[in-house]
Amino acid sequence: MEPDRIRASDADRDRTAARLRDALAEGRIGHDELEERLDAVYRARTLGELAPVTHDLPPAAGTGPASPAEPVGMTVSSEEARRLAAESQGRETVSAVFGGVERAGRWLVEPHTNVSVLCGGIELDLREAVLSQREVVIQCAVALGGLEMVVPHGVRVVSSVNAILGGVDMSKVDNVTDPNAPTIRLTGTCLLGGVEVRTKAPKKKRKW
Numbered sequence: 001m002e003p004d005r006i007r008a009s010d011a012d013r014d015r016t017a018a019r020l021r022d023a024l025a026e027g028r029i030g031h032d033e034l035e036e037r038l039d040a041v042y043r044a045r046t047l048g049e050l051a052p053v054t055h056d057l058p059p060a061a062g063t064g065p066a067s068p069a070e071p072v073g074m075t076v077s078s079e080e081a082r083r084l085a086a087e088s089q090g091r092e093t094v095s096a097v098f099g100g101v102e103r104a105g106r107w108l109v110e111p112h113t114n115v116s117v118l119c120g121g122i123e124l125d126l127r128e129a130v131l132s133q134r135e136v137v138i139q140c141a142v143a144l145g146g147l148e149m150v151v152p153h154g155v156r157v158v159s160s161v162n163a164i165l166g167g168v169d170m171s172k173v174d175n176v177t178d179p180n181a182p183t184i185r186l187t188g189t190c191l192l193g194g195v196e197v198r199t200k201a202p203k204k205k206r207k208w
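Numbering-wise, the sequence shown is residues 1 to 208 according to UniProt numbering.
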């Protein structure tokens, strides 16, 4: 099999995305171009589709294997974040069919999460969650239902969700421009439904 036809792995896509963020920091590409190229990275299925994304950039410094990304704890200590991230399975599926699902409190957000909604609703509250790596992907398939996400301040949310007779509301999300900020990349399709993302401060703990 030709090398270019080999299927790209999640690690391949993550390494390419990291190289693009380095290129932004080096002044080689701009913010708009970064977003365009990152979209291409996460759409890529083969190594041949990944290669053109960085064809005009110099190789990344160092030749050793890439180290795992540092986990990001929203409201927990880095030690606890690393402990939770060590339990990562790499991918997770959250589904709601004719019902509702809620994720809140302290939970681990995998590098890739598939969210499926059919005639129901899912709420993902990430204010106390731990991201398994600095950038995670949440791919949604919403039909006749809704997906609601709540993120804490300082988290960057990038959406490329395709809405068909539906809507994606990002009006209440902080405009975080720091490319090194914790990032949630929201992709997928919304059909006759809605996706809403908003920024909100963590809940205050009661003092007894």
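In this text, a Cβ means the ideal position worked out from N, Cα and C, and glycines have one as well.
Since the model is a prediction, treat every value here as computed from it, not as a measurement.
Which of the three DSSP states, helix, strand or coil, is assigned to residue i?
i: residue 39; result: helix
i: residue 157; result: strand
i: residue 48; result: helix
i: residue 65; result: Because residue 65 carries a pLDDT of 39, less than 50, the predicted location of this residue cannot be relied on, and the following value inherits that uncertainty. Here residue 65 sits in coil by DSSP.
i: residue 134; result: coil
i: residue 55; result: coil
i: residue 23; result: helix
i: residue 113; result: strand
i: residue 15; result: helix
i: residue 198; result: strand
i: residue 103; result: strand
i: residue 32; result: helix
i: residue 7; result: strand
i: residue 81; result: helix
i: residue 203; result: coil
Just tell me which of the options has its CA closest to the CA of residue i.
i: residue 111; options: 132, 24 and 105; result: 132
i: residue 190; options: 125, 119, 136 and 153; result: 119
i: residue 183; options: 146, 21, 104 and 12; result: 21
i: residue 24; options: 194, 177, 195 and 161; result: 177
i: residue 35; options: 194, 168, 195 and 160; result: 160
i: residue 162; options: 188, 171, 38 and 5; result: 188
i: residue 33; options: 124, 57 and 97; result: 57
i: residue 11; options: 50, 5, 31 and 29; result: 50
i: residue 155; options: 122, 128, 147 and 29; result: 128
i: residue 171; options: 165, 180, 148 and 179; result: 148
i: residue 7; options: 37, 41, 18 and 146; result: 41
i: residue 181; options: 165, 18 and 104; result: 18
i: residue 90; options: 14, 195 and 194; result: 14
i: residue 88; options: 26, 113, 121 and 195; result: 113
Using the rule of at least 16 other Cβ atoms within 10 Å of the residue's Cβ for burial, across every protein chain shown, is residue i buried or exposed?
i: residue 102; result: exposed
i: residue 202; result: exposed
i: residue 115; result: buried
i: residue 135; result: buried
i: residue 93; result: exposed
i: residue 168; result: buried
i: residue 97; result: exposed
i: residue 124; result: buried
i: residue 145; result: buried
Which residues in the same chain as residue i place their Cβ atom closer than 8 Å to its Cβ, once the five residues preceding and following it in sequence are excluded?
i: residue 173; result: 151, 157, 197, 198 and 199
i: residue 165; result: 191 and 192
Can you tell me the Cβ-Cβ gap for residue i and residue j, rounded? I've got them flagged as a contact below 8 Å.
i: residue 186; j: residue 143; result: Contact flag wrong, Cβ pair sits at about 16 Å.
i: residue 16; j: residue 54; result: 6 Å
Can you name, in chain order, every residue of its own chain whose Cβ lies under 7 Å from the Cβ of residue i, other than the five neighbours on each side?
i: residue 39; result: 160
i: residue 5; result: 46 and 48
i: residue 153; result: 174, 199 and 201
Return the chain-ordered list of same chain residues with a C-beta closer than 6 Å to the C-beta of residue i, the five sequence neighbours on each side being excluded.
i: residue 126; result: 151
i: residue 95; result: 116
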